[in-house]
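Residue 189 is where the sequence shown starts when you use the numbering used here, and the numbers rise one by one after that.
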Amino acid sequence: MNKELNFLVIIDETKEMHNAIRYASLRSLRVGGSVVILYTFDNIDFGHWQAVENIAEKESRDEAEERIKEYESTILTLSKRKPKKFIMKGDRIDCIIKFLEFNKFISNLILAASSGPVGPGPLISGFTGKFRTKLKVPLTIIPSDLSEEEIDNLF
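The following block contains the structure:
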């Protein structure tokens, strides 16, 4: 019996995330797997203002749901399957590490490199540097200069 392959993509505000979504969707279609998307948002601390903190957290969660909906149809179109969706609160790298620890069904983490002058991006820098021993699944890095057509041609 073959294990279903699940490709994790982190939803964020970067333009390169689109390449990660495209790659993961096409890869999952090719192997009969699924795309898993994780959206994280920061802890919000209003100290003694718990009611305000609760409202801000609800707004962050609502925003996460809206962001996920933006990409859900793209993933469905490319992979022919609805993605599995998750939202977590906290530091993004910490959330990814915890998510992977508690969700052993993930087969691969898909990240796309930034084309910016400051390096490949904080997630790639973190998971190829300081946090490399925390990552217990293969990491696929999509080069920043691949076009949609070039990604499509990989499959």
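Quick reminder that beta carbons are idealized off the backbone N, C-alpha and C, glycines included.
Beta-carbon proximity list for residue i, same chain, < 8 Å, skipping 5 on both sides
i: Ala-345; result: Nothing in the structure corresponds to residue 345, since the chain is present only between 189 and 343.
Cut-off 6 Å between Cβ atoms - residues of its own chain near residue i, not counting five sequence neighbours on either side
i: Asn-291; result: none
i: Leu-327; result: Leu-297, Phe-315
Exposed unless 16 or more other CB atoms sit within 10 angstroms - verdict on residue i
i: Thr-228; result: buried
i: Phe-293; result: exposed
i: Phe-315; result: buried
i: Ser-261; result: exposed
Whole-number beta carbon distance between residue j and residue i, since they are thought to touch under 8 Å
i: Val-224; j: Pro-271; result: 6 Å
Simplified DSSP state of residue i, which is helix, strand or coil
i: Ser-313; result: helix
i: Ser-332; result: coil
i: Leu-217; result: helix
i: Ala-212; result: helix
Residues near residue i by beta carbon distance below 7 Å, same chain, minus five either side
i: Arg-210; result: Leu-266, Glu-336, Ile-339
Which full runs of the alpha helix (DSSP H) of 4+ residues lie inside the segment 247-297, going along the chain? If we require 4 residues or more, the alpha helix (DSSP H) runs fully inside the segment 247-297 come out as 280-290.
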